[in-house]
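A.B. asks:
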Ligand SMILES: Cc1cc2nc3c(=O)[nH]c(=O)nc-3n(C[C@H](O)[C@H](O)[C@H](O)COP(=O)(O)OP(=O)(O)OC[C@H]3O[C@@H](n4cnc5c(N)ncnc54)[C@H](O)[C@@H]3O)c2cc1C
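Numbering (the working numbering), first residue to last: 23 to 430.
#1: Assuming residue 55 and residue 95 make a contact with CB atoms under 8 angstroms, what is their CB distance in whole Å?
#2: Exposed or buried, which one is residue 288 when buried takes at least 16 other CB atoms within 10 Å?
#3: Where do the ends of the beta strand (DSSP E) carrying residue 130 lie?
#4: Please classify residue 308: does DSSP put it in a helix, a strand, or coil?
#5: Got a sec, what are the start and stop residues for the beta strand (DSSP E) residue 76 sits in?
#6: Where do the ends of the beta strand (DSSP E) carrying residue 103 lie?
#7: Is the number of C-beta pairs between the stretch 38-53 and the stretch 393-401 that are closer than 8 angstroms three or more?
#8: Kindly indicate which three-state DSSP category residue 373 falls into: helix, strand or coil?
#9: For residue 23, which three-state DSSP category applies?
#10: Could you compute how far the alpha carbon of residue 349 sits from the alpha carbon of residue 331?
#11: Return the CA-CA distance between residue 41 and residue 242, expressed in angstroms with no decimal places.
#12: Suppose only complete runs of 4+ residues qualify. What are the alpha helix (DSSP H) ranges in the stretch 229-315, listed by chain order?
#13: Going by beta carbon distance, what residues of the same chain come within less than 7 angstroms of residue 71, once the five residues before and after it are set aside?
#14: Compare the C-alpha of residue 64 against each of 148, 58, 214 and name the closest.
#15: Can you tell me whether residue 53 is buried or exposed, with buried defined as 16 or more other CB within 10 angstroms of its CB?
#16: On the CB-based measure, 16 or more other CB atoms within 10 Å of its CB, does residue 322 come out buried or exposed?
#17: Is residue 246 near ligand 1, in the sense that its beta carbon is under 7 angstroms from a heavy atom of that ligand?
#18: Roughly how many angstroms separate the alpha carbons of residue 268 and residue 262, rounded to a whole number?
#19: If the criterion is Cβ atoms closer than 8 angstroms, does the pair residue 277 and residue 158 meet it?
#20: Buried or exposed for residue 291, please, with buried defined as at least 16 other CB atoms from any protein chain shown within 10 angstroms of its CB.
#21: Find out if the Cβ-Cβ distance for the pair residue 136, residue 354 is shorter than 8 angstroms.
#22: Of all the options 145, 311, 264, which has the alpha carbon lying nearest to the alpha carbon of residue 283?
#23: Count the other C-beta atoms from every protein chain shown that fall within 10 angstroms of the C-beta of residue 315, then say buried if there are 16 or more, exposed otherwise.
#24: Should residue 280 go down as buried or exposed, given a rule of 16 or more other Cβ atoms within 10 Å for buried?
#25: Run the CB neighbour count on residue 82, radius 10 Å, all protein chains shown included, and call it buried at 16 or more, exposed below.
#26: Along the chain, where does the alpha helix (DSSP H) that runs through residue 388 open and close?
#27: Kindly indicate which three-state DSSP category residue 39 falls into: helix, strand or coil?
#28: Looking at residue 318: is its Cβ nearer than 8 angstroms to the Cβ of residue 347?
#29: Measuring straight from C-alpha to C-alpha, what distance separates residue 417 and residue 104?
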């Protein structure tokens with residue numbers, strides 16, 4: 023890298039940060055700082071739990087994605103000093119200075135103050151969480167003695183998913199297929215029990231009726247107990263307590279998975295910039311942070327009004343915004359005018375178990391195994407770098423995408 027080039031620092035290597043970095047190769051001295059050593063294609067974390075995809079498909083290491091033109095620093099940023107134009111990284115004495123900063127640290131699990139949730143629920147945002155969940159399901163099944171009475175096997179293999187947004191639904195249907203399949207393979211009698219607990223009045227509240235029909239059908243087929251208007255009050259090491267119509271139910275569960283929403287990253291909480299009522303950074307239509315023309319923010323950290331409402335807090339939005347940020351960083355460095363853009367929905371694709379899916383594209387929704395295939399095809403195109411896309415698509419084509427049974 024040449025001396026005297028503008029220093030562009032990107033914090034966060036998710037959909038917003040990684041794709042910005044890939045577009046900014048050669049724009050200056052580019053540094054990508056991220057907590058983990060790998061990117062994560064979150065929309066397929068469900069397929070990772072079920073073994074339909076492997077870690078290297080959806081969580082490639084940054085070193086395999088970015089070339090020498092971008093410096094990668096693994097670490098957690100603890101402070102951004104907007105006045106000195108420096109960022110501090112946990113455990114490092116030297117701070118990293120920037121001329122232009124891109125903030126793309128995403129959000130964190132929102133436990134909504136529910137007692138015990140942070141300590142006892144399994145979150146679902148990272149590869150490590152998916153590993154923990156799969157392991158919990160295997161250990162639970164291993165603990166059911168062969169020949170158990172159906173009601174005993176069912177009680178032992180009870181799991182709950184909190185939150186019936188797209189994430190909760192996709193995860194619950196995947197878990198149900200895996201657990202039912204494991205019961206059959208292990209010769210256990212009866213069925214596992216899976217609850218989906220939602221405080222609102224319906225599942226997938228942000229989605230239109232066409233997609234909800236597929237979702238409701240899939241939940242029914244998977245024998246998932248849906249509890250709407252149900253508020254989780256407490257999570258314990260052995261289960262949870264939820265309330266419906268003022269009545270509390272205590273349930274023993276082998277695992278409670280939390281998909282109950284996203285809140286603001288602590289780094290953003292501590293940043294002294296203008297924010298909206300939820301604590302998201304207010305950005306200009308150019309994605310520059312208000313009052314700080316040398317700082318850009320995008321994805322789950324930023325409030326950007328010029329967007330279809332259904333896109334807020336999605337990978338689709340962060341991905342689309344990365345193109346605008348990269349263009350505007352280049353323009354800023356050249357002294358050229360900055361651009362703005364309205365972002366629109368690219369379509370919706372859901373995984374509904376290991377055999378089915380639902381896709382909404384061009385205003386038309388379709389479901390079933392074909393939708394599952396279409397989702398794989400669609401997501402192949404969204405993975406980072408053509409080289410990685412090629413490797414993954416060959417693997418899916420030649421080696422297949424069958425699930426890996428629990429405990430085999
Ligand atoms: C399980 C799951 C499934 C999802 N499915 C879909 C879907 O199907 N479609 C869709 O559109 N959206 C989906 N989303 C939402 C989508 O993942 C997010 O909206 C999107 O990732 C936001 O992009 P981002 O760049 O803002 O943040 P992220 O992609 O979350 O990236 C943030 C990055 O910052 C890093 N980081 C965080 N804090 C620090 C720090 N202090 N220092 C350094 N690095 C830090 C993180 O490690 C991470 O790499 C899903 C989310 C989850 C969790």
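Idealized CB from N, CA, C, for every residue including glycine.
C.D. replies: The relevant details are as follows:
#1: 5 angstroms
#2: exposed
#3: 129-131
#4: coil
#5: Here residue 76 belongs to no beta strand (DSSP E), and DSSP marks it neither H nor E.
#6: 99-103
#7: no
#8: strand
#9: In this predicted model, residue 23 has a pLDDT of only 40, less than 50, meaning its place in the structure is not dependable enough to derive any value.
#10: 24 angstroms
#11: 38 angstroms
#12: 231-243, 288-291
#13: 152, 155, 156, 196
#14: 148
#15: buried
#16: buried
#17: no
#18: 16 angstroms
#19: yes
#20: exposed
#21: no
#22: 145
#23: exposed
#24: buried
#25: buried
#26: Element bounds for residue 388: not the alpha helix (DSSP H) but the beta strand (DSSP E), 386-390.
#27: helix
#28: yes
#29: 44 angstroms
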